[in-house]
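First residue of the sequence shown: 0, per numbering that gives the first Met the number 0; consecutive thereafter.
This report refers to the structure that appears directly beneath it.
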Amino acid sequence: MTDKRTTIKDIARKANVSIATVSNVLNDIDVVKPKTKQRVLAIAEQLNYIPNLRAKQLQSGETKMIGFFCNSISGPYFNPLVESVAKVAEANGYGINILLSNDQNMLRRNILGNLVDGIIGFEDLISNRELQLLKTNRIKAVFIDRMIQDETIGSVTFDSFQKGKELTEYLIQQGHQKIGFILGKVGIYDSNERYKGFLTAMDAAGLSVDSEHIYHGEFELEPAYQCLTDFLKTTPSNKYPTAIIAGNDLSAIGAYKAICDFQLRVPEDISLVSFDGFDLEANERPNLTGIHNPIYEQARLSVEHLIAMIHREKTGEAITIKGHFVEGDTVGQMMKER
């Protein structure tokens, strides 16, 4: 004989009350006498009652799940971000459904399949077609790398343009004029905005940008290492930039390794700054100068804003979080241009 799952009918029969009474008790609706409520809960525990979450979902129209859609959860940015999103969601009674894929059909099935109550997503994964699906179907979403505001869609982004400008201005104040920049992925909001801030500061200072000093690091360690290695290998030392801005910390780590491989020193030969706020992974390396972005705050605001939209307490907002400058050991002063 197979075991049968306990239902609220079983609890009602044993407690000698109506099914409606058991339902009210289990859903914590305060219309049942305390003594009856206590008896029903005791019997439910005795019978090892497990609520049918699927039935509750159908009844309430909610899954109590948040979708986290991206194509990577590795690296010094994504690891703390995902962990923080999960913690904040759990504290608010939600679980996290992580989708790691570049498959647009799978993405559309998850968006339209009522598997989650709302999503947190990235611009490089959700194209304009998927964005239109979100709007048309009034699916709640928060982007964390695209500034957007719509009735059912919001965003929580860093002030990347301003901080790209400020970081460049800091290098200029230290006497640097030949400044390089390691780009992130093409079309990504943070990469674009940081680079725009760099160009704006250079232009305001009357400094030209050498196209050979612009590197394509893809926000990854190995591409940043390789493109800077190729540059240092084929370029006379008097053509080197005196400082390099890395688009993120993984790019900075790759750049640091390339600089060291050519027996150059940071910051004595080339200064190095970055975004996100992590160190260079080893104690013997210098502390990285750059912009520290509050990743936990981004996670918290993203989850809370999404839940507020799910509960129809708010419409979409474009929220900007300010990073702050951290002075490390990777910038040297230039007394004169070499």
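We put the beta carbon where it would ideally sit given N, CA and C, even for glycine.
Going by C-alpha distance, which of the options is nearest residue i?
i, options, result
"D328", "G246, L271, V302", "L271"
"G10", "Y48, F121, K32, D27", "Going by the sequence as given, residue 10 is Ile instead of Gly. When only C-alpha atoms are compared, the closest one is Y48."
"D268", "L182, V87, K177", "K177"
"K36", "I42, L231, V24", "V24"
"A242", "S154, G253, P266, L220", "P266"
"N101", "I118, L124, V87", "L124"
"L170", "P240, Q131, T135", "P240"
"V21", "N127, I244, G183, V39", "V39"
"Q172", "T62, F160, G186, A200", "A200"
"G120", "F77, E89, K86", "F77"
"Q161", "L300, A14, Q332, N292", "N292"
"T62", "A90, N96, L80, K32", "N96"
"E217", "G186, H175, G289, A90", "G186"
"A14", "K232, G289, L46", "L46"
"N399", "K86, E122, Q103, L133", "The structure shown does not extend to residue 399, since the chain is modelled only from 0 to 337, so the question has no answer here."
"D116", "H304, E326, E122", "H304"
"G289", "G246, K256, R264", "G246"
"Y188", "D229, A203, T156, Y255", "T156"
"I118", "K256, M64, K184, P33", "M64"
Who are the near neighbours of residue i in its chain, counting only those whose CB is closer than 6 Å to its CB and skipping five residues on each side?
i, result
"K238", "none"
"D364", "Nothing about residue 364 can be reported from this structure: the residues present for the chain run from 0 to 337 only."
"R337", "Since pLDDT at R337 reaches only 41, below the 50 mark, its modelled position is unreliable, and no value is offered."
"A85", "I95"
"A231", "Checking the sequence, you will find Leu at residue 231 rather than Ala. These residues qualify, in order along the chain: F261."
"Q131", "none"
"K256", "Y224"
"S159", "D189, E192, R193"
If you count every other CB in all the chains shown that lies within 10 Å of the CB of residue i, and 16 or more means buried, which is it?
i, result
"P222", "buried"
"F324", "exposed"
"M105", "exposed"
"R193", "buried"
"G94", "exposed"
"K164", "buried"
"S190", "buried"
"S210", "exposed"
"G92", "exposed"
"N286", "exposed"
"A41", "exposed"
"S207", "exposed"
"N282", "In this predicted model, N282 has a pLDDT of only 45, less than 50, meaning its place in the structure is not dependable enough to derive any value."
"Q332", "exposed"
"R53", "Annotation note: pLDDT 49 at R53 (below 50); position unreliable, coordinate value reported separately. It is exposed - the Cβ of R53 has fewer than 16 other Cβ atoms within 10 Å."
"G322", "buried"
"A90", "exposed"
"S154", "buried"
"E122", "buried"
"S236", "exposed"
"A251", "buried"
Hey, would you say residue i sits closer than 8 Å to residue j, going by beta carbons?
i, j, result
"F180", "H212", "yes"
"R107", "E129", "yes"
"I18", "I7", "yes"
"G196", "T167", "yes"
"V302", "A43", "no"
"L220", "G253", "yes"
"I294", "P79", "yes"
"S83", "A298", "yes"
"S71", "Q103", "no"
Kindly say whether residue i, judged by its beta-carbon, lies nearer than 8 Å to any beta-carbon of chain D.
i, result
"L206", "No chain D appears in the structure shown, which is made up of a single protein chain."
Leaving out five residues on either side along the sequence, give the residues of the same chain with a beta carbon under 8 Å from the beta carbon of residue i.
i, result
"E296", "I320"
"L98", "G66, F67, F68, C69, M105, L106, N109"
"T234", "E211"
"N136", "I110, L111"
Can residue i be considered in contact with the ligand FMN, in the sense that its beta carbon sits closer than 7 Å to one or more heavy atoms?
i, result
"L206", "The model depicted lacks the ligand FMN and carries no ligand whatsoever."
Quick one: what's got a C-beta closer than 7 Å to residue i's C-beta in the same chain, skipping five residues either side?
i, result
"V16", "T35, V39"
"V31", "T20, N23, V24"
"T5", "L46, N47, Y48"
"E326", "T288"
message: Under 8 Å: do the segment 302–309 and the segment 130–143 share three or more Cβ pairs, one atom per stretch?
response: yes
- prompt: Three or more beta-carbon pairs under 8 Å between the segment 146–162 and the segment 314–333, yes or no?
  reply: yes
- request: Mind the definition here: the segment 247–264 touches the segment 216–233 only if three or more C-beta pairs lie below 8 Å; say whether that holds.
  value: yes
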